[in-house]
Amino acid sequence: SEAQQKVTIHDKEGEYTISKHIYGHFAEHLGRCIYDGFYVGEENKTIPNTAGVRNDIVEALKALKVPNLRWPGGCFADTYHWKDGIGPKEDRPTIVNQWWGGVTEDNSFGTHDFLNMCELLETEPYLSGNVGSGTVQELIDWVQYTNHEGRSPMADLRKENGRAEPWNVKYWGIGNEAWGCGGNMTAEYYSDEYRKYATFLSGWSNDSGIFRIASGASSSDYEWTEVLMKNIKHSLIEGMALHHYAVIDWNAKSSASDFTEKHYFESMESALEMEELVTKHSAIMDKYDPDNKIALVVDEWGGWYDVEPGTNPGFLYQQNTMRDVMIAGTTLNTFNNHARRVKMANLAQTVNVLQAVILTDEEKMILTPTYHVMKMYNVHQDATLLPVEFDNVDYTFNGKSLPALSVSASRNKEGVVHVSLVNIDASESHKLSLQFDDVNVRGAEGTILTSKKLQDHNTFENPAKVAPKEFKDFSVKKGNLEVELPPFSVVVIALK
Ligand code: AHR
Numbered sequence: 019s020e021a022q023q024k025v026t027i028h029d030k031e032g033e034y035t036i037s038k039h040i041y042g043h044f045a046e047h048l049g050r051c052i053y054d055g056f057y058v059g060e061e062n063k064t065i066p067n068t069a070g071v072r073n074d075i076v077e078a079l080k081a082l083k084v085p086n087l088r089w090p091g092g093c094f095a096d097t098y099h100w101k102d103g104i105g106p107k108e109d110r111p112t113i114v115n116q117w118w119g120g121v122t123e124d125n126s127f128g129t130h131d132f133l134n135m136c137e138l139l140e141t142e143p144y145l146s147g148n149v150g151s152g153t154v155q156e157l158i159d160w161v162q163y164t165n166h167e168g169r170s171p172m173a174d175l176r177k178e179n180g181r182a183e184p185w186n187v188k189y190w191g192i193g194n195e196a197w198g199c200g201g202n203m204t205a206e207y208y209s210d211e212y213r214k215y216a217t218f219l220s221g222w223s224n225d226s227g228i229f230r231i232a233s234g235a236s237s238s239d240y241e242w243t244e245v246l247m248k249n250i251k252h253s254l255i256e257g258m259a260l261h262h263y264a265v266i267d268w269n270a271k272s273s274a275s276d277f278t279e280k281h282y283f284e285s286m287e288s289a290l291e292m293e294e295l296v297t298k299h300s301a302i303m304d305k306y307d308p309d310n311k312i313a314l315v316v317d318e319w320g321g322w323y324d325v326e327p328g329t330n331p332g333f334l335y336q337q338n339t340m341r342d343v344m345i346a347g348t349t350l351n352t353f354n355n356h357a358r359r360v361k362m363a364n365l366a367q368t369v370n371v372l373q374a375v376i377l378t379d380e381e382k383m384i385l386t387p388t389y390h391v392m393k394m395y396n397v398h399q400d401a402t403l404l405p406v407e408f409d410n411v412d413y414t415f416n417g418k419s420l421p422a423l424s425v426s427a428s429r430n431k432e433g434v435v436h437v438s439l440v441n442i443d444a445s446e447s448h449k450l451s452l453q454f455d456d457v458n459v460r461g462a463e464g465t466i467l468t469s470k471k472l473q474d475h476n477t478f479e480n481p482a483k484v485a486p487k488e489f490k491d492f493s494v495k496k497g498n499l500e501v502e503l504p505p506f507s508v509v510v511i512a513l514k
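Start counting the sequence shown at 19; every next residue gets the next number (the UniProt record's numbering).
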């Protein structure tokens, strides 16, 4: 459009830190995420690997600055018995992955494999404990196994299995989707279960810095959050989870890459709900926890479509297009802007599953468009959030409207201000004037991610079809920064 939108960035008012953990990822035993994804086995001679983990994936994820990685589920977590995944690999029992395709796994990727992989990735592990089909004893044994330094039955076993030093895992999930695949519990029943698990899930770490995360609500199930906040003693909980996927219709999710503008609009409608969801769940948490001690942890989010034709429906393998760029850009801006309460989040899922950042095919590996957004945005990790104010413009389709623009801003430790801007409009570009309370803009440097068509994506044949480029469509006028955002684009700017 011709009009210019004024965007005010209150760069004197930074109060909250954008936790780097908002940029977390999720790796479940699901389809080709772990097996034939991250992990190709120690014996593999064709794909370069370290202890069976692909070197190309490690490199790509290190460049992304992944702050934490959630494992082993998801729904899988409440079926997983960690003791089956330690010790000599040839002696490990099998497990049938009952939620995801019913495939039989050999447990060759277990606790050591995952935690050592996190060390390679320079990321913090987030372990999801089994509440649905496990026991308190089993979970606290796991904590003792991973975190106890001195002598103890589990620490001794860990040492026998070749690991002297504890890993000191901080983040622990107490069950997953307890209202569904985690046991179909009521909020009242789960709160009691939670209290019991959480009581014993402390005291093993040296600094006893264990961070316990309760299985949270599905999207707008505010009642769930309300009951948990009311029933769980606040001394027993550090994080409250929330899951929300951008889905058109659970019974007709439609193709990931072959879609119309109607599908696009509906996906964005679902994705943009995140703003209302974190606002309302935060408000409930504020009521019970006015001092903001408990974090809101959105430990599953992303776009969910039909699987690619010809692939196992239980494996959730889908392509990743410019639509996913829009979902990631707007969602991350929402998390940044809610940094006061949202202190952790996990995109679902890292490799070959749902809104993946990496896809693999035998020895080939590609970075998806979503990878590039996550990378462009990592400048916000642990930076100070700067409040942003502006009047939005509408993106209208078939008589319905969505806010076209999404913005967040931060100042990093070196004093550099970064602004991330998204225009979800499928056909209109928008002009913005970025105005700062304090900074007089002298210059800028920017990166843009856009493409010719919304459906554009990267393939093994054409891996760089969607890739970031230098952003040049800006000018400095009287200390303000004027930018033009093309249709469906994400731009991240650093001020000079
Ligand atoms: O990410 C896929 C699945 O979605 C997870 O296993 C589950 O927690 C959620 O329903």
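Using N, Cα and C, we set each Cβ at its ideal position, and we do this for glycine too.
Under 8 Å, do V58 and L139 count as touching if we go by C-beta distance?
Result no, Cβ atoms of V58 and L139 do not sit closer than 8 Å.
Helix or strand or just coil, what does DSSP make of M203?
Coil at M203, not helix or strand.
For A270, count the other beta carbons within 10 Å of its own beta carbon; 16 or more makes it buried, fewer makes it exposed. Which is it?
Under this definition A270 is an exposed residue.
For the stretch 253-335, list the beta strand (DSSP E) runs that are entirely contained and at least 3 residues long, ordered along the chain.
Entirely contained in the stretch 253-335, the beta strand (DSSP E) runs reaching 3 residues are, in chain order, 257-264 and 313-321.
Looking at the structure shown, is Y413 part of a helix, part of a strand, or coil, going by DSSP?
Y413 falls in the strand class under three-state DSSP.
Any heavy atom of ligand 1 within a distance shorter than 7 Å of the CB on G92?
Yes, ligand 1 has a heavy atom inside 7 Å of this Cβ.
Run through DSSP, which three-state label would V25 get?
Correct three-state label for V25: strand.
For a test of the three-state rule: what should DSSP assign to E178, helix, strand or coil?
The answer is helix: DSSP assigns E178 an H, G or I state.
Could you compute how far the alpha carbon of F454 sits from the alpha carbon of H436?
Computed Cα separation, rounded: 12 Å.
Compare the Cα-Cα distances from K487 to each of E502, P504, L467 and V411 and report the closest residue.
Selected option, being the one with the closest Cα: L467.
Taking 8 Å as the threshold (C-beta atoms), are M392 and L82 in contact?
Yes.
With distances taken between CB atoms, is the gap from A444 to A512 smaller than 8 Å?
Result no, Cβ atoms of A444 and A512 do not sit closer than 8 Å.
For K38 and S209, I'd like the C-alpha separation in whole angstroms.
Cα to Cα, K38 sits roughly 28 Å from S209.
Could you pull the DSSP bridge partners for L499 from this structure?
L499 pairs with L452 and V494.
Please list, in chain order, all residues of the same chain as W222 whose beta carbon is under 6 Å from its beta carbon, the five residues on each side excluded.
No answer about W222 holds up, because its pLDDT of 49 lies below 50 and its placement is not dependable.
Pick helix, strand or coil for E123, following the three-state DSSP scheme.
Three-state result, E123: strand.
Less than 8 Å between the beta carbons of A274 and Y323, yes or no?
Yes, the Cβ-Cβ distance between A274 and Y323 is below 8 Å.
Given L295, which residues of its chain have a CB within under 8 Å of its CB, disregarding the five upstream and five downstream residues?
For L295, where only same-chain residues beyond five positions count, the Cβ hits under 8 Å are S237, S238, L260 and H262.
Can you tell me whether G103 is helix, strand or coil according to DSSP?
Three-state DSSP puts G103 in a helix.
Please list, in chain order, all residues of the same chain as S272 whose beta carbon is under 8 Å from its beta carbon, the five residues on each side excluded.
Cβ within range, chain order: I266, H281, Y323 and D324.
Are the beta-carbon atoms of N338 and T278 separated by less than 8 Å?
The answer is no: Cβ separation not under 8 Å.
Taking the C-alpha atoms as reference points, what is the distance between N224 and N148?
Because N224 sits at a pLDDT of 45, beneath the cut-off of 50, its placement in the model cannot be relied upon, and the point is left open.
Closest to N115 by C-alpha separation, out of D109, L48, H130 and D74, would be which residue?
Checked all of D109, L48, H130 and D74; the closest Cα to N115 is L48.
Identify the residues that DSSP records as bridge partners of N67: which are they?
In the DSSP output, where bridge partners are listed per residue, N67 has R72.
Alpha helix (DSSP H) containing V440: first to last residue?
Taken as a continuous stretch (DSSP letters only), V440 belongs to no alpha helix (DSSP H), being part of the beta strand (DSSP E) at V435 to N441.
Touching or not, the stretch 374-383 and the stretch 426-433, by the rule of three or more beta carbon pairs under 8 Å?
Contact fails: fewer than three Cβ-Cβ distances are below 8 Å.
Quick one, are the C-beta atoms of R119 and G332 less than 8 Å apart?
It should be pointed out that residue 119 corresponds to Gly in this sequence rather than to Arg. Yes.
Would you kindly check if the distance between the Cβ of Y215 and the Cβ of V315 is under 8 Å?
Result no, Cβ atoms of V315 and Y215 do not sit closer than 8 Å.
Here's the rule I'm using: 16 or more other beta-carbon atoms within 10 Å means buried, otherwise exposed. How should residue 585 be labelled?
Because the chain in this structure spans residues 19 to 514, residue 585 falls outside the shown range and cannot be described.
Tell me which same chain residues have a C-beta within less than 6 Å of the C-beta of K471, skipping the five on either side of it?
Here the set comprises nothing.
Helix, strand or coil: how does DSSP classify Y144 here?
If DSSP states are grouped into helix, strand and coil, Y144 belongs with the strands.
What's the call for A485, buried or exposed, on a 16-neighbour Cβ count within 10 Å?
The residue in question, A485, is exposed, as its Cβ has fewer than 16 Cβ neighbours within 10 Å.
Please tell me whether G32 and T297 are closer than 8 Å, where the distance is taken between their beta carbons.
Not in contact: G32 and T297 (Cβ atoms no closer than 8 Å).
Look up V509 in the DSSP assignment and say whether it is helix, strand or coil.
It is a strand residue.
Is T368 closer than 8 Å to F44 when the C-beta atoms are compared?
In contact: F44 and T368 (Cβ atoms closer than 8 Å).
Which residue marks the beginning of the alpha helix (DSSP H) containing E488, and which one marks its end?
No alpha helix (DSSP H) holds E488; the beta strand (DSSP E) holding it covers K487 to F489.
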